[in-house]
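Notes follow once the structure below has been shown.
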Amino acid sequence: MGRFAQAFLSSAGLRCRLDLPLTLPPCRLTSEVRHNVFLAFKEALNNVVKHARATEVRISMEIPSDNEGLPDPSLSGFALVVTDNGRGFDFGASAQQPDASPEARLASGNGIYNMRKRLEEIGGVCEWTTAPGEGARVRFVVPPLPRHQKTGQSFPK
1425 MGRFAQAFLS
1435 SAGLRCRLDL
1445 PLTLPPCRLT
1455 SEVRHNVFLA
1465 FKEALNNVVK
1475 HARATEVRIS
1485 MEIPSDNEGL
1495 PDPSLSGFAL
1505 VVTDNGRGFD
1515 FGASAQQPDA
1525 SPEARLASGN
1535 GIYNMRKRLE
1545 EIGGVCEWTT
1555 APGEGARVRF
1565 VVPPLPRHQK
1575 TGQSFPK
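In this text, residue positions in the sequence shown follow the working numbering: the first is 1425, and each later residue adds one.
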């Protein structure tokens, strides 16, 4: 995803700063989880390019640590975070609120709504922090795969 982000953002003239671990610990994910996380991530980058008027995007990953301080996503999953230095927006007034009418959503696009739904489908969470003039931060919280579940199986809904 880091390579995709760098290529996509640089083609739009934006700097991309990656704050990702050099090596990732094993993290069991189903293809459904990987697919939904990637599409939500791609939508977040697309929103930055289309709407944010940003000059830089920072992509980071939050991985919980075990008792010895080593990264271990099997404990509570991980979070993928996309932060931009753009113009931000008033999320409270956004037509992207979960209870917004279909008409309001259609008029403003479905990006935030779709990201939230994709994460909910896999048991995750899509969190937004933004304000006018403050840029935006979206955090995709991805839950761990239950130990008894195989990666080829679909995530329980």
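The C-beta atom is built at its ideal place from N, Cα and C for all residues, glycine as well. None of these values were measured; they are calculated from a predicted model.
- Burial is judged here by how many other beta carbons sit within 10 angstroms of a residue's own beta carbon; residue 1543 has at least 16 and is buried.
- If you look at residue 1485, you'll find it in the beta strand (DSSP E) that goes 1480–1486.
- Straight through space, the alpha carbons of residue 1470 and residue 1457 are spaced by roughly 20 Å.
- Residue range 1502–1508 is occupied by the beta strand (DSSP E) that includes residue 1503.
- DSSP links residue 1442 through a beta bridge to 1483.
- Excluding its 5 nearest sequence neighbours in each direction, residue 1557 has C-beta neighbours in its own chain below 8 Å: 1511 and 1512, listed in chain order.
- For the pair residue 1503 and residue 1565, the CB atoms are nearer than the 7 Å cut-off.
- Proximity of the stretch 1444–1453 to the stretch 1480–1491 meets the contact definition, three or more beta-carbon pairs being nearer than 8 Å.
- DSSP, read as helix, strand or coil, puts residue 1458 in helix.
- The continuous beta strand (DSSP E) containing residue 1561 extends over residues 1560–1566.
- Per DSSP, residue 1549 is one residue of the beta strand (DSSP E) stretching across 1549–1554.
- Inclusion of residue 1501 and residue 1450 in the CB contact set at 7 Å is not warranted, their separation being larger than that value.
- The beta-carbon separation of residue 1468 and residue 1562, rounded to 5 Å, stays under the 8 Å limit for a contact.
- Contact annotation, residue 1560 with residue 1508: C-beta distance approximately 6 Å; criterion of less than 8 Å satisfied.
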